[in-house]
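Okay, so here's the structure we're looking at.
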Amino acid sequence: MFPGLGTLVNIATVLLGSGLGVLAGHRMPERTRRVVTDGLGLVTLLIAGSAMVAVADPALEAAVGTAAPMLIVLFSVLLGGIAGSLLRLEERLEGLGDRLRRRLGGSDDRFTEGFVVASLVFCVGPLTVLGSLYDGLGLGADALYLKAVLDGFAAIAFAAAFGWGVAVSALSVGTVQGSLTLLGLVIGNVLSEAAIAALTATGGVLLVGVALRLLDIRRISVVDLLPAFVLAPIVSEFVAWLH
């Protein structure tokens with residue numbers, strides 16, 4: 000199998016799920032759509048929790064010490080949020096969603112919200128990063144195939160609630176996972192197990208923000224926090240060097 004096949008399968012399941020969701024959405028009452036979105040928010044919290052336990056990964060603790068992993072995640076999220084807000088990442092992504100909505104004939108803000116939320120859920124999770132990197136490193140695309148199945152079912156629910164904006168998130172999936180797969184091809188085995196654990200734990204924290212948005216608890220600017228992904232492995236490697 001060639002690198003990138005897992006991402007192509009993932010794109011296909013998002014598009015298929017979105018189409019099915021839009022068809023089902025017209026037959027769903029608003030209350031049912033809201034319940035579906037709440038369910039996705041709760042499941043996203045579960046996925047976030049499973050990712051955040053990586054902060055106690057033995058490889059990370061051995062590399063940086065037992066007290067440092069939490070601080071690494073904290074520093075990465077805070078500094079990443081500052082960088083993202085200064086770069087206005089969320090504003091730019093929402094602007095992209097608005098432009099796509101106008102081009103495709105969308106008439107309300109649910110198109111943009113569907114695009115943004117689906118892009119975050121499909122692209123922020125640990126399976127996105129680990130699966131894409133493993134694919135690029137030649138370790139197989141099994142994680143991406145699993146993610147493709149999960150995203151397909153999630154796309155049905157999202158599209159039933161938000162409409163065609165969810166289908167456009169396939170562009171985000173292709174861009175993010177394709178870039179990470181290419182990165183895996185380039186860096187080989189440079190990224191340590193400790194750095195991957197730090198990155199995974201940070202991704203779990205960001206997914207909590209996605210869940211809070213889905214549950215209408217608070218509209219956290221998760222996109223502005225995405226630079227934390229870049230910072231987490233860098234900070235962990237630096238702390239490991241000091242340690």
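Numbering (numbering that gives the first Met the number 0), first residue to last: 0 to 242.
Every residue gets a Cβ at the ideal spot worked out from N, C-alpha and C, and that includes glycine.
Computed from a predicted model, the values in this text were never measured in an experiment.
> At which residues does the alpha helix (DSSP H) containing T65 begin and terminate?
Replying inline: One-based indexing of the sequence shown puts residue 65 at position 66. Per DSSP, T65 belongs to no alpha helix (DSSP H) and is neither H nor E.
>> For V175 and K146, what's the separation of their Cα atoms in angstroms?
In response: The sequence position of residue 175 within the sequence shown is 176, counting from 1. The sequence position of residue 146 within the sequence shown is 147, counting from 1. Cα-Cα distance, rounded: 14 angstroms.
> What residue ranges within the stretch 133-165 form continuous alpha helix (DSSP H) runs of no fewer than 4 residues, ordered along the chain?
Replying inline: 141-161
> Is L126 closer than 8 angstroms to G183 when the C-beta atoms are compared?
Replying inline: Walking along the sequence shown from the start, residue 183 turns up at place 184. Walking along the sequence shown from the start, residue 126 turns up at place 127. No, Cβ-Cβ distance for G183 and L126 is not below 8 angstroms.
> Under 8 angstroms between the Cβ atoms of P199 and L129?
Replying inline: Counting from one through the sequence shown, the residue named residue 199 turns up at place 200. Counting from one through the sequence shown, the residue named residue 129 turns up at place 130. Sequence check: residue 199 is Thr here, not Pro. Cβ distance < 8 angstroms, so T199 and L129 count as in contact.
> Expressed to the nearest angstrom, what Euclidean distance is found between the alpha-carbon atoms of G311 and A194?
Replying inline: What is shown of the chain runs 0 to 242, which leaves residue 311 out entirely.
> For the candidate residues S220, G208, R217, L190, whose alpha-carbon lies nearest to that of F237?
Replying inline: Within the sequence shown, numbered from 1, the residue matching residue 237 stands at position 238. Taking only the C-alpha atoms, the option nearest F237 is L190.
>> Here's a check: name, in chain order, each residue in its chain whose Cβ is nearer than 7 angstroms to the Cβ of M69, leaving out the five neighbours to either side.
In response: Walking along the sequence shown from the start, residue 69 turns up at place 70. Correct list, in chain order: V54.
>> Tell me whether the stretch 221-235 and the stretch 75-89 touch, counting them as touching only if at least three CB pairs, one residue from each stretch, are closer than 8 angstroms.
In response: yes
> CB-CB under 6 angstroms to A62, same chain, minus the five flanking residues each way: which ones, in chain order?
Replying inline: Residue 62 sits at position 63 when you count from the first residue of the sequence shown. Excluding positions up to five away in sequence, the list reads A193, A239.
> Between the beta-carbon of V209 and the beta-carbon of L88, is there less than 8 angstroms?
Replying inline: Along the sequence shown, one-based indexing puts residue 209 at 210. Along the sequence shown, one-based indexing puts residue 88 at 89. Cβ distance not < 8 angstroms, so V209 and L88 don't count as in contact.
> So, L206 versus I71, is the Cβ gap smaller than 8 angstroms?
Replying inline: For the purposes of this step, residue 206 is taken as the residue at position 207 of the sequence shown. For the purposes of this step, residue 71 is taken as the residue at position 72 of the sequence shown. No. Outside cutoff.
> How about L143 and N9: do their beta carbons lie closer than 8 angstroms?
Replying inline: By 1-based counting over the sequence shown, the position of residue 143 is 144. By 1-based counting over the sequence shown, the position of residue 9 is 10. For L143 and N9, yes; Cβs fall inside 8 angstroms.
> Do you know whose CA, among L7, V42, G135, lies nearest L214's CA?
Replying inline: Taking the sequence shown and counting its residues from 1, one reaches residue 214 at position 215. Taking only the C-alpha atoms, the option nearest L214 is V42.
>> Can you give me the C-alpha to C-alpha distance between L19 and V229, rounded to a whole angstrom?
In response: Reading the sequence shown from its first residue, position 20 is the one you call residue 19. Reading the sequence shown from its first residue, position 230 is the one you call residue 229. Rounded to the nearest angstrom, the two C-alpha atoms are 35 angstroms apart.
> Whole-angstrom Cβ separation of G151 and V52, contact assumed at under 8 angstroms?
Replying inline: Locating residue 151 in the sequence shown gives position 152, where the first residue counts as 1. Locating residue 52 in the sequence shown gives position 53, where the first residue counts as 1. Not a contact, Cβ separation roughly 26 angstroms.
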